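Quick mapping for you: the protein sequence lines, in order, are chains P and B.
Just so we're aligned: 38 in our numbering is position 38 of the first sequence, and the numbers increase by one with no gaps anywhere.
Just so we're aligned: 2 in our numbering is position 2 of the second sequence, and the numbers increase by one with no gaps anywhere.
We treat Cβ as the ideally placed atom computed from N, Cα and C, and that holds for glycine.
What you are looking at is a predicted structure, and each value in this text was computed from that prediction instead of being measured.
Reading through the structure tokens given below for one structure.
There are 2 protein chains.
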Amino acid sequence: MGELAAAMGVQKGSLYSLTASKQELLYEALREGATAFHAGLDGIPEELPAGEKIRLALRAHLRVVAEQLDVATVFIREWRYLEGERRDEFVAERRRYEERLRALFREGRDRGELRSDLDEGAAALLALSAANWAYTWLDPGRDTDELADRFTAILVDGIRGYATR
Amino acid sequence: MGELAAAMGVQKGSLYSLTASKQELLYEALREGATAFHAGLDGIPEELPAGEKIRLALRAHLRVVAEQLDVATVFIREWRYLEGERRDEFVAERRRYEERLRALFREGRDRGELRSDLDEGAAALLALSAANWAYTWLDPGRDTDELADRFTAILVDGIRGYATR
DNA sequence: CTCCCTACCTAACGGTCGTTAGCATTGAGT
DNA sequence: ACTCAATGCTAACGACCGTTAGGTAGGGAG
């Protein structure tokens, strides 16, 4: 709170006429994060093939991380300092996001667009890991679309064998 | 330090006849982590094909995370509270580990075992992300070999098309 | 037996942090 | 013109935390 006040050019105590508590601020940052990440998925057209949807999902996720690195960091790492039922609420919201991502893989497999023996849990976790880990190394503001596409290319085609295009 | 002392059944102040500072403890935990992760890579036979080596590397990494979850968490998340030149030393050690992992992909491609257009940086990052993110969800002590193999299968063969075995 | 190192204790210091109380200023709406 | 809500200030609180000072008990080495 001290650093925040200093950055605002204001005394520490003055913050409390603007917010109820530090927990409240954390909660609001988390909601902002949830909104941003979900909005990314909302922007994906339903009718696209699975591979494309996964590519766009990765793009959207990485874009949020790069453009709102602070919010993303809170969403990915700092959420665990949230207490009480707000924490439960966040965890549920987070799970919902992960489930939406996993659904992309499951649907792709069930519709025959992805390999029939696909372990959708492992695949989604792999994608989510890359997406979530990015906050540790991504330069803020950097263009991430190309990077997301490279991740997707590896996810989709693997690393073995030869190029298919 | 208070919690540590309590867990040891000892007064807070008594810790300082056993260690110089909290930073010292953090540093030692980090070294333990570095040793464990590097030892995992050391155990991989040089003559194996690239896919196999990557599979074993992922197995080793996930095993460290599951068997030494506390050390792994410090290694992956808490290292940033280390200060001064010890921090620099750790960052270098960490980079060395990542470079060893990346080398597996690069060598695999250069030897013709992996696709010739492989982006080894992206591939290594994808694998490392999955490995590093695991500390957030892995149940401590759980058997992780099968999980590592599933990740590897997706990495190697991708999610598109049909099973090759 | 004596020395001394290790491990432990109690007590406190100095600092940080989130928060609160009480008060002053200001500006928009009635 | 008066009100009142928003915004800010100063000062302090209580709690926590890493660390230190100074002292005690005990056991092994010389």
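### Query
Mind pulling the chain B residues with CB within less than 7 Å of W133/P?
S129, N132 and W133
### Task
Per DSSP, which residues does R186/B bridge with? Please list them.
Nothing about residue 186/B can be reported from this structure: the residues present for chain B run from 1 to 165 only.
### Selection from W133/B, A122/B and T73/B that minimises the alpha carbon distance to L125/P
Checking every option, the nearest Cα to that of L125/P belongs to W133/B.
#### Entry: CB-CB length for L104/B against I54/B, believed under 8 Å
5 Å
### Cβ of A163/B within 8 Å of any chain P Cβ
Annotation note: pLDDT 49 at A163/B (below 50); position unreliable, no value reported.
### Message
Would you say G51/P lies against chain B (beta-carbon separation less than 8 Å)?
### Response
yes
### Message
If the cut-off is 9 Å on Cβ atoms, which residues from the stretch 101-116 of chain P count as contacting chain B, listed in chain order?
### Response
Under the 9 Å Cβ criterion, the stretch 101-116 of chain P contributes F105, G108, R109, E113, L114, R115 and S116.
### Task
Pick out the complete alpha helix (DSSP H) segments inside the stretch 79-120 of chain P, 4 residues or longer, and give them in chain order.
84-110
### Message
My parser needs the alpha helix (DSSP H) runs of 4 or more residues fully inside the stretch 118-142 of chain P; what are they?
### Response
The stretch 118-142 of chain P contains these whole alpha helix (DSSP H) runs: 120-133.
#### Entry: Residue from I159/B, A122/B, L69/B and S129/B with nearest C-alpha to E113/P
Residue I159/B is the option with its Cα nearest to E113/P.
### Message
Strictly below 7 Å CB to CB, what residues from chain P border D157/B?
### Response
G158 and R160
### Task
Could you spell out the range, first to last residue, of the alpha helix (DSSP H) harbouring T73/P?
Residues L69 to I76.
### Query
Below 8 Å between beta carbons: does that hold for I76/B and Y135/B?
yes
### Query
Taking C-beta to C-beta, are F90/B and H61/B nearer than 8 Å?
Cβ atoms of F90/B and H61/B: not closer than 8 Å.
### Task
Helix, strand or coil for R150/B, going by three-state DSSP, please let me know.
helix
### Query
Which chain P residues sit within Cβ distance under 8 Å of D119/B?
Scanning chain P for C-beta atoms nearer than 8 Å to the C-beta of D119/B yields R150, A153 and I154, reported in chain order.
#### Entry: Proximity winner among A50/B, D157/B and G141/B, relative to A72/B (alpha-carbon distances)
G141/B
### Message
Run through chain B and tell me which residues come within less than 9 Å of A124/P, C-beta to C-beta.
### Response
Per Cβ cutoff of 9 Å: no residues; A124/P is ~10 Å from chain B at best.
### Backbone CA spacing between L30/P and S129/B [nearest angstrom]
22 Å
### Message
Run through the DSSP bridge pairs and tell me what R160/P is partnered with.
### Response
Answer is none; R160/P lacks a bridge partner.
### Query
Taking Cβ positions, are E120/P and R106/P nearer each other than 8 Å?
yes
### Task
Indicate the three-state DSSP secondary structure (helix, strand or coil) for E47/P in the structure shown.
coil
### Query
Under 8 Å, do R59/B and A123/B count as touching if we go by C-beta distance?
no
### Query
With 16 as the cutoff for other CB atoms within 10 Å, does T19/B come out buried or exposed?
exposed
### Query
Y27/B: buried (16+ other C-beta within 10 angstroms of its C-beta) or exposed?
buried
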